[in-house]
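Under mature numbering (1 follows the signal peptide of the UniProt record, and there is no 0), the residues of the sequence shown are numbered -17 to -1, 1 to 42, in order. Every residue, glycine too, gets a C-beta built ideally from N, C-alpha and C. To start, the structure under review is shown below, and the notes come after it.
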Amino acid sequence: MKRSTLLLCFLIAVADCFWKEAKNLVPDVVKGVREVFKEVKDKVTEGAKEVGDTLNPLQ
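This is the structure in structure tokens:
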């Protein structure tokens, strides 16, 4: 895995933890941001899967 992909996964994990705590403070803002964050996370996961399929087509 590239370092940039690992860094992105780490940042997603940190942001996810942050949003879990922040949702108690500003529920409406966090709800909107979490929806966008989930979309980004899904796209990153999908992209990583495509890269994995390309690099390892036998699985």
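Exercise for review: Would you check if the distance between the CB atom of Arg(-15) and the CB atom of Trp2 is smaller than 7 Å?
Suggested key: When the beta-carbon positions are compared, Arg(-15) and Trp2 stay at least 7 Å from each other.
Practice item. Have a look at Glu29, Asp11, Lys21 and flag the residue whose alpha-carbon is nearest the alpha-carbon of Ala(-3). Key: Distance from the Cα of Ala(-3) is smallest, within the candidate group Glu29, Asp11, Lys21, for Lys21.
Exercise for review: Grab me the residues of Thr37's own chain with a C-beta within less than 8 Å of its C-beta, minus the 5 sequence neighbours each way, in chain order.
Suggested key: For Thr37, where only same-chain residues beyond five positions count, there are no Cβ hits under 8 Å.
Exercise for review: Might you give, ordered along the chain, the residues of its own chain that have their beta carbon closer than 8 Å to the beta carbon of Leu(-10), omitting 5 neighbours on each side?
Suggested key: Here the set comprises Val27.
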